[in-house]
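Using the numbering used here, the first residue of the sequence shown is number 1, and each one after it goes up by one.
Virtual Cβ for every residue (Gly too), placed ideally from N, Cα, C.
Note sheet for the following structure.
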Amino acid sequence: MESRASMLDQKEILHDKRRYWYGRRAQDILFSSLALIVLWPFLLIVALIILIDSPGASPFFVQTRVGRGGKLFKFYKFRSMRPDAEKELIHLLVYNEMDGPVFKMKDDPRITRVGRFIRRTSIDELPQLFNVLKGDMSLVGPRPPLPREVEQYNEYQRQRLIVTPGLTCYWQIQPHRNDLSFEEWLELDIKYIRERSFLVDWKIILSTFRAIVNMEGE
Numbered sequence: 001m002e003s004r005a006s007m008l009d010q011k012e013i014l015h016d017k018r019r020y021w022y023g024r025r026a027q028d029i030l031f032s033s034l035a036l037i038v039l040w041p042f043l044l045i046v047a048l049i050i051l052i053d054s055p056g057a058s059p060f061f062v063q064t065r066v067g068r069g070g071k072l073f074k075f076y077k078f079r080s081m082r083p084d085a086e087k088e089l090i091h092l093l094v095y096n097e098m099d100g101p102v103f104k105m106k107d108d109p110r111i112t113r114v115g116r117f118i119r120r121t122s123i124d125e126l127p128q129l130f131n132v133l134k135g136d137m138s139l140v141g142p143r144p145p146l147p148r149e150v151e152q153y154n155e156y157q158r159q160r161l162i163v164t165p166g167l168t169c170y171w172q173i174q175p176h177r178n179d180l181s182f183e184e185w186l187e188l189d190i191k192y193i194r195e196r197s198f199l200v201d202w203k204i205i206l207s208t209f210r211a212i213v214n215m216e217g218e
C-alpha cells in the first residue's frame with residue numbers, strides 16, 4: 001500500500017479523470033435505474049418483512065452522511081436495528097472493536113433477527129440505489145462516513161472525501177473485512193482513488209456480487 005506520507009494531488013486526480021467521471025455518472029444512472037425497476041417487488045417484500053419483525057417502526061433507516069467535498073446528504077438503508085439504536089450507541093462505545101473514528105461491534109445487541117440476515121447478505125444496502133440515482137453516491141467509491149467520524153479525521157484521512165462515496169469499495173470485498181483496522185480500510189480507499197477506472201470499478205462490482213452470494217457481509 002502507499003505510504004501515509006504520500007498525499008493525493010486532488011487537482012490532478014479530478015482533472016485527469018474528468019472523462020471517466022462523466023462516463024461513470026451515465027453508468028450509475030443506467031445501472032441504478034434498471035436495478036430499481038427489476039428489484040422493486042423484492043424491495044417491497046423486504047420492507048414488509050421488516051415491518052412484521054419490528055411493528056411500528058419504519059422499514060427504512062435514513063441517516064445524514066458526508067459525501068464528496070464534505071457535502072451532507074440523506075443516506076438510505078433498510079432498517080436492521082431497533083428504532084432506539086442511536087440512543088443506545090453511547091452505552092456501547094466501550095465495546096468498539098474498530099480503532100479510529102468508526103464504531104464496529106461484531107455481536108451488536110441492537111441488530112434485529114431480520115436485520116442480522118439482511119446485513120449478512122448486504123440486502124440492507126439496496127435502498128442506496130436511490131442515492132446512486134440521485135448522484136449522492138456512485139456504484140463504487142469509499143463508503144460514506146458519518147459527520148461525527150469526519151470531525152475526527154486528520155488531513156490525510158479527509159482524502160476519502162475527494163471522490164463521490166460508493167455503494168461498494170475495496171474494503172467491502174475483503175474477506176473478514178471487519179477484522180481490518182481503520183487505517184487499513186483508509187489505505188484501501190486511497191488505493192482506489194489512485195487507481196480508479198472503469199476496469200477497476202467492474203472488478204470491484206463483480207467481486208461484490210461474489211461476496212454477496214457467499215454471504216460475506218456483516
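query                                                                                                                             : result
Beta-ladder partner(s) of Gln63, from DSSP                                                                                        : Phe75
DSSP three-state assignment for Thr208, whether helix, strand or coil                                                             : helix
Of the residues Leu39, Val200, Pro147 and Arg196, the one placed nearest Ile123, counting alpha carbons only                      : Leu39
Nearest-angstrom Cα separation, counted from His91 out to Gly115                                                                  : 20 Å
Of the listed residues Lys106, Phe117, Phe103 and Val66, nearest to Ile49 (C-alpha basis)                                         : Phe117
Proximity below 8 Å, CB of Tyr192 to CB of Pro144                                                                                 : no
CB of Tyr153 within 8 Å of CB of Pro101, strictly                                                                                 : yes
Touching by the beta-carbon criterion (3+ pairs, under 8 Å), the segment 48-63 and the segment 184-191                            : no
Leu133 beta carbon less than 8 Å from that of Phe32                                                                               : A small correction: the amino acid at residue 32 is Ser; Phe does not occupy that position in the sequence shown. The answer is yes: Cβ separation under 8 Å.
Cβ-based burial, Glu125 [other Cβ within 10 Å; buried from 16]                                                                    : buried
Buried versus exposed call for Phe209 [16 or more other C-beta atoms within 10 Å across all chains shown]                         : exposed
Exposure of Trp185, with buried meaning 16 or more beta-carbon neighbours within 10 Å                                             : buried
Leu295 and Gly166 closer than 8 Å at C-beta                                                                                       : The question about residue 295 has no answer, for the chain in this structure spans 1 to 218.
Secondary structure of Gly56, DSSP reduced to three states                                                                        : coil
Contacts around Trp171, its chain only, beta-carbon distance under 6 Å, and the 5 residues preceding and following it disregarded : Arg177, Trp185 and Leu188
Local Cβ density within 10 Å of Leu93, reported as buried at 16 or more and exposed below that                                    : exposed
Which of helix, strand or coil DSSP assigns to Gln140                                                                             : The sequence given here places Val at residue 140; Gln does not occur at that position. In the structure shown, Val140 sits in a strand (DSSP, three-state: E or B).
Distance CB(Val150)-CB(Val62) smaller than 8 Å                                                                                    : no
Contact check, Ile45 vs Thr121, beta carbons under 8 Å                                                                            : no
Sub-8 Å separation of Phe103 and Arg79 beta-carbons                                                                               : no
Beta strand (DSSP E) segment containing Gly166, residue limits                                                                    : Gly166 to Thr168
Identity of the residues DSSP links to Ile111 by a beta bridge                                                                    : Met81
Status (buried if at least 16 other CB within 10 Å, exposed otherwise) for Leu72                                                  : exposed
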